[in-house]
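Residue numbers (my numbering): 41 to 664. Read the structure below first, then the notes.
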Amino acid sequence: MSYCLNPVCRNPENTGDVEKCLACGTPLRLKERYRAIEPIGQGGFGKTFLAIDEDLPSKPHCVIKQFFPQSSQSFSKAEELFRREAEQLEQLGKRHLQIPELFAFFELGSGLYFVQEFVDGQDLDQELKNVGKLDEAKIWCLLEELLCILKFIHSNRVIHRDIKSANIIRRSTDHKLVLVDFGISKLASETGIEVTGTVIGSRGYAAPEQEEGKGYFSSDLFGLAATCFYLLTSVQPSKVLSQWGNWQKNLKNHLKRNNISDDLRDLLVRLLQRTPSQRYQSADEVIELLNSIRPQITVAPTLPVFTIADRKINEIWPCEKTLTSHSSTVLSVAISPDGQVLASGSGVDDMLVKIWELSTGKPIRSLFGHTSGVQFVTISSDGQTLVSASSDKVIKVWDLVTKHLRHTITEDSNWFWSVTTNSSAEILAVGHENGANLWDLTAGKLLGTLVSQDRFSDDYSIDGPIFSVAISLDNQIVVGGSHDGKIKLWELSTGNLLDVISTGHEGLVKPLIFSPNEHILASSGSDDSTIKVWDLKNHELVHTCNGHTDRIRALAFSPDGHTLASASSDETVGLWDMKTGEKLLSLEGHSGPVLSVTFSPDSQTLVTGGQDKTIKIWQRACIL
C-alpha cells in the first residue's frame with residue numbers, strides 16, 4: 041500500500057510498491073526514501089501520514105508531516121509555525137526519549153515536509169474513550185512524568201503552548217508518555233519569562249494569557265492541570281473554566297464527585313489560576329511539591345506498586361538503550377547535573393573514559409591517558425569538571441566543556457581501593473592500605489591523611505586498609521569502610537576521628553554511599569549480599585535489605601532520596617524503598633556481574649555498567 045501525497049490527487053490510494061501514483065503520476069517516495077502508507081491526522085497547518093523508511097533494512101515506520109494550510113489567510117504565519125515545529129523537534133527530540141526525534145526536513149517542489157519518529161501507542165484522548173476515567177493514583181504518576189518533560193523543554197526556553205490529552209501518547213513498548221505536536225511552541229524571551237505573538241492554543245486547555253497572544257512557562261502548567269482534570273472527570277475543561285462563572289467551585293464539585301483528595305484538588309486549583317503570577321511558576325516548583333507529598337510506597341508479592349490515596353500503580357523500569365562501544369568491563373558511570381551527559385570508565389582492555397549524550401546514547405568523546413582500568417568517574421555539581429581515577433594510581437581532572445586534561449594527581453600509596461569526591465569535585469578522598477588521603481583537586485595537592493588507627497583510643501582501633509570512602513553532601517564527614525566490617529567516621533575539616541560503627545557485614549565494607557538526606561548512609565560487605573542503611577545522627581541501623589544472591593558491587597541513591605539502587609554480582613540491579621527497606625523491583629538484562637550504577641538528577645533514569653562490557657539505560661514508567 042502506498043498513499044499519494046499530491047494534495048489534489050483524486051485517487052491517492054495505490055496498491056503494491058509502485059513508484060508513481062497510478063492516478064496522477066506523482067512519485068510515491070519522498071527523496072526516494074520515505075513511502076507514505078496512510079493518512080493519520082490533519083491539523084490547521086498540515087497533514088500527517090504513517091510512512092516507511094525504505095532506506096533502512098528493517099523498513100521502520102516513521103511519520104511524514106506535509107505543510108498544507110487549511111486557509112490561504114495567514115499563509116506565512118502557518119509556514120512559520122510549520123518550520124518552527126521542525127526546529128523544535130531537531131533541538132529537543134534527539135536529547136529526550138519522550139519527545140519524537142526529527143529525521144529529515146526538506147522542500148520538494150512546491151511542498152514542505154518533515155519526517156519524524158513514529159510513536160506507536162494511543163493518545164490520552166483515545167485511552168480515556170477506551171478504558172474510561174483515570175483514577176487519582178494514575179494522575180499522580182502522569183503528573184510526575186510529564187513535569188519532567190516540561191522541565192526539560194522549559195530549560196531549553198521552549199514553551200509548548202498546546203498541552204492537552206490529544207498531544208500526549210502512551211508508547212506501547214514501554215508505557216511511557218510522549219509529548220507531541222510542537223507546531224505552536226515558541227521560544228521564551230531571553231529572560232525566560234514571556235513570549236508574545238499569535239492568539240493560539242486549544243480552547244479549555246490554553247491559559248487565559250494565550251488569548252492575548254502571550255505565553256509563560258506556567259501556561260504549560262495550566263494546560264497540564266486542565267488535562268488532568270479532563271482525565272479525572274471526562275468533563276471538558278472549557279465547560280468549567282468559564283471567565284465569568286465560579287470556576288473554582290465548579291471544579292471542586294466535579295473533583296469531589298470523583299473522590300479526589302485535597303492534595304490533588306488544591307494543586308489543580310493553583311495551576312488553573314487565571315492570573316499567571318498566582319500559579320506555580322515552574323515545573324521544578326511542582327516537582328518539589330510532589331516530592332513533599334509523595335505517598336508511601338508499598339510492595340506487592342509480584343510487582344512493586346505506588347499507593348496513592350489508597351489506589352495502586354504498577355511501576356516498571358524498562359531498559360531503553362544498551363550501549364556497546366566499550367571493549368572492556370564498565371567499572372564506573374556518572375551523569376551530569378543537567379542530565380544531558382553520561383560518563384563511563386572501563387577496564388584494562390581499553391582503559392578509557394567515554395563521554396556520551398545520555399538522551400540518545402551517542403558517544404561524544406573518548407578520553408585517553410590511563411594505563412589501567414578506570415575504577416571511578418564523577419562530574420562536578422556545576423557540570424564543568426570530570427574526575428577519573430584508575431588502578432594505575434593516577435587521578436585525572438578534565439575540563440568537561442573542552443574535554444581537555446587540566447592536571448593529573450599521582451597517589452604515592454602502593455595501592456588504593458576506593459576513590460570519591462565531594463559534590464563540587466573540589467575534594468578527593470582516596471582509600472588505601474594505611475587509611476585515606478584527602479586531596480585538593482583544584483590545586484592538585486595533598487591536604488592530609490586520615491589514619492586507619494586512632495592514636496589515643498583503642499576503642500576506635502581499625503587495622504588495615506580503607507576499602508571504601510564517601511563524603512557527606514554537606515562536606516562535614518568522611519567515612520571509610522575497613523576489612524573487619526567496621527565503618528570509620530572522620531570530621532572532614534579537621535581529620536579528627538568521630539566514631540566507629542561495627543556493621544556486622546561479612547568481609548570488608550564496600551561499597552559505601554551517603555543519601556541526599558545527609559545523615560543517612562548505606563553500606564554492604566564483600567562476603568555478604570545485604571545492604572544496611574544507617575542513621576548517623578541517631579546512631580542506629582534503620583534497614584537491613586535482603587534480596588540479592590551475591591555481593592553488592594555498587595550503590596546509588598536517587599536524588600530525591602526515596603530509592604536506593606544496588607548493582608550486584610548476581611547480574612541484577614535492585615531497587616529499594618528507603619521508607620520501608622523493602623525491595624521494589626529487580627532489573628534483569630546484564631549477562632554478567634553489574635559493577636556500577638547511577639541515577640539521573642530527576643530520578644527518572646537509571647544507568648548501569650557491567651562485566652558484559654555494556655551500559656544499560658533504564659527509564660521509569662507506570663503501567664495503568
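Think of the CB as a built atom: it goes at the ideal place given N, C-alpha and C, for glycine as much as any other residue. Keep in mind that this is a model prediction, so the values were computed, not measured.
Margin query: Starting from ILE435, trace the beta strand (DSSP E) in both directions and tell me its first and last residue.
Written below: 434-439
Notebook entry, point to check: What residue does the beta strand (DSSP E) around ASN170 start on, and which one ends it?
Noted result: First-last for ASN170: 164-171, but that is the alpha helix (DSSP H), not the beta strand (DSSP E).
Checklist line | Assigned secondary structure, TRP357 (DSSP; H/G/I helix, E/B strand, else coil) | finding: Note: TRP357 maps to coil in three-state DSSP.
Notebook entry, point to check: Touching or not, the region 363-381 and the region 632-644, by the rule of three or more beta carbon pairs under 8 Å?
Noted result: yes
Next item on the list: Label ASN207 either buried or exposed according to how many other C-beta atoms from any shown protein chain fall within 10 Å of its C-beta, with 16 as the threshold for buried.
Entry: buried
Notebook entry, point to check: THR105 to LEU308, Cα distance in whole Å?
Noted result: What sits at residue 105 in the sequence shown is Lys, not Thr. Whole-angstrom Cα-Cα distance: 34 Å.
Item checked: Rounded C-alpha distance that separates ASP95 from LYS169 -> Their Cα atoms are separated by approximately 37 Å.
Next item on the list: Assign PRO403 to one of three DSSP states: helix, strand, or coil.
Entry: strand
Notebook entry, point to check: PHE158 by DSSP, collapsed to three states: which one?
Noted result: coil
Next item on the list: Using a threshold of 8 Å, state whether the C-beta atoms of GLN563 and LEU548 are closer than that.
Entry: Reading off the sequence, residue 563 comes out as Ser, not Gln. Result no, Cβ atoms of SER563 and LEU548 do not sit closer than 8 Å.
Notebook entry, point to check: Taking buried to mean at least 16 other C-beta atoms within 10 Å of its own C-beta, is CYS64 buried or exposed?
Noted result: exposed
Note to self: By the DSSP assignment, the beta strand (DSSP E) with VAL103 in it spans what residues?
What the structure shows: 101-107
Next item on the list: Over the uninterrupted beta strand (DSSP E) stretch that includes VAL540, give me the two end residues.
Entry: 537-542
Note to self: Looking only at its chain, what residues have a beta carbon closer than 8 Å to the beta carbon of SER626, apart from the 5 residues adjacent to it on each side?
What the structure shows: GLY587, THR612, VAL613, GLY614 and LEU615
Item checked: Collapsed DSSP secondary structure at PHE507 in the structure displayed -> strand
Note to self: Please state whether the Cβ-Cβ distance between VAL434 and SER372 is less than 8 Å.
What the structure shows: Contact flag unset, no.
Next item on the list: Keeping to the same chain, check which residues put their C-beta closer than 6 Å to that of GLY621; ignore five residues upstream and five downstream.
Entry: HIS583 and CYS585
Item checked: Cβ shell of GLU141 (< 6 Å), same chain only, five flanking positions each side left out -> Apart from sequence neighbours up to five positions away, the residues of its chain that approach GLU141 with a beta-carbon distance below 6 Å are GLY133, LYS134 and GLU157, ordered along the chain.
Next item on the list: Provide the residue span of the alpha helix (DSSP H) that contains ILE553, from first to last.
Entry: That residue, ILE553, is in no alpha helix (DSSP H); its beta strand (DSSP E) goes 549-554.
Next item on the list: Could you pull the start and end residues of the beta strand (DSSP E) that TYR74 belongs to?
Entry: 74-82
Margin query: Out of ARG211, TRP438, PRO505 and ASN298, which one is the CA nearest neighbour of PHE269?
Written below: Of all alpha-carbon atoms in ARG211, TRP438, PRO505 and ASN298, the one lying nearest the alpha-carbon of PHE269 is that of ASN298.
Checklist line | Presumed contact (8 Å Cβ cut-off) between GLY475 and SER458, rounded CB distance | finding: About 12 Å; that fails the 8 Å criterion.
Check: For HIS294, does the three-state DSSP call read helix, strand or coil?
Finding: helix
Checklist line | Three-state secondary structure (DSSP) of HIS583 | finding: strand
Notebook entry, point to check: Is DSSP giving VAL647 helix, strand or coil here?
Noted result: For VAL647, the three-state secondary structure derived from DSSP is strand.
Next item on the list: Assuming VAL381 contacts LEU363 (C-beta within less than 8 Å), just tell me the rounded distance between them.
Entry: Incorrect: roughly 13 Å between the Cβ atoms, too far for contact.
Notebook entry, point to check: To which residues of the same chain is ARG351 closer than 7 Å at the C-beta, ignoring the five residues directly before and after it?
Noted result: Summary for ARG351: the model assigns pLDDT 31, below 50, so the residue's position carries little reliability; its value from the coordinates is reported in the next sentence. Only ASP175, GLU176 and ALA177 meet the Cβ criterion.
Margin query: Please identify the residue among ILE300, ALA266, GLU325 and GLN166 whose C-alpha is closest to the C-alpha of TRP287.
Written below: ALA266
Checklist line | Three or more C-beta pairs below 8 Å linking the region 64-80 and the region 121-132 | finding: no
Notebook entry, point to check: Which same chain residues, not among the five before or five after GLU546, have their C-beta less than 6 Å away from its C-beta?
Noted result: When the five nearest sequence neighbours on each side are left out, the beta carbons in the same chain lying within less than 6 Å of the beta carbon of GLU546 are those of GLY565, ASP567 and ASP568, in order along the chain.
Check: Straight-line CA distance for THR534 to ILE511?
Finding: Approximately 14 Å, taken between the alpha carbons.
Next item on the list: Whole angstroms is fine: what's the gap from ILE560's alpha carbon to ILE179's?
Entry: 31 Å
Margin query: Tell me the residue span of the beta strand (DSSP E) that contains GLU531.
Written below: 526-531
Checklist line | Reduced DSSP category for LYS204 - H, G, I as helix; E, B as strand; rest coil | finding: Coil at LYS204, not helix or strand.
Notebook entry, point to check: Ends of the alpha helix (DSSP H) at PHE416?
Noted result: According to the DSSP assignment, PHE416 belongs to no alpha helix (DSSP H) but to the beta strand (DSSP E) extending over 414-419.
Next item on the list: Can you tell me which of GLY255, VAL155 and SER150 puts its alpha carbon nearest to the alpha carbon of HIS101?
Entry: VAL155
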